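Data first, discussion second: the structure below is written as structure tokens.
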Amino acid sequence: MNLPPAGVEIFILAALFGVLLGAVYDLFRIVRFAFDFGKAAIFIQDIIFFAVCGVLTFLFMLTFTSGQIRAFVFVAQGVGFSAYYFTVGRIIYGLAKKIISFVKRILTAIFAPILKILRKTQKITKKHLTKLYYLLYNRARQLKQKQKTNRTGKNAAKSKKAKVKKKAPHRGAG
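Under this note's numbering, the first residue of the sequence shown carries the number 2, and numbering increases by one thereafter.
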């Protein structure tokens, strides 16, 4: 590949840009290791990463090749990305994994007893709240039944009084 001096500069810049993209990808990998994402979320993260890379590559080409698409720019980015990924990227990702694992162990040691107490408290509270719920529910049903019987009893008493009044002789003036 015969490149003019400006082409060599662009190739080197594109390779360095590939290294930068590799570092951004490492950030995604580190976040994935730190937090448990599902497969769908990882798929979406990959799409976002490649979309961002596409936009950044487009801007790179607008800036350095006047918007002309040059295959050597893609090759240089691939070379830079691969160089980073298989050298420095492995070291950084390995260190990040160790640091994250260490922090997770410390946090687990600190919060495990607290979580254990909270789980026991939750079980006890749930048990008592369930009892209270059923007590209140049954009491409400009893009150509802009592109100029903009182209404039917009052209605029956009213209807009896009405019948008695109707049967009473009419006292006229006289």
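We put the CB at the ideal spot given by N, CA and C, even for glycine.
Given the structure is predicted, the values throughout are model-derived calculations rather than measurements.
Residue i and residue j closer than 8 Å at C-beta
{"i": "residue 93", "j": "residue 27", "result": "yes"}
{"i": "residue 35", "j": "residue 101", "result": "yes"}
{"i": "residue 84", "j": "residue 20", "result": "yes"}
{"i": "residue 62", "j": "residue 70", "result": "yes"}
{"i": "residue 72", "j": "residue 12", "result": "no"}
{"i": "residue 43", "j": "residue 30", "result": "no"}
Presumed contact (8 Å Cβ cut-off) between residue i and residue j, rounded CB distance
{"i": "residue 7", "j": "residue 74", "result": "So it is not a contact: roughly 13 Å between Cβ atoms."}
Minimum C-alpha distance to residue i - residue among the options
{"i": "residue 68", "options": "38, 56, 79", "result": "56"}
{"i": "residue 22", "options": "110, 108, 90, 104", "result": "90"}
{"i": "residue 17", "options": "86, 29, 138", "result": "86"}
{"i": "residue 79", "options": "126, 58, 107, 95", "result": "58"}
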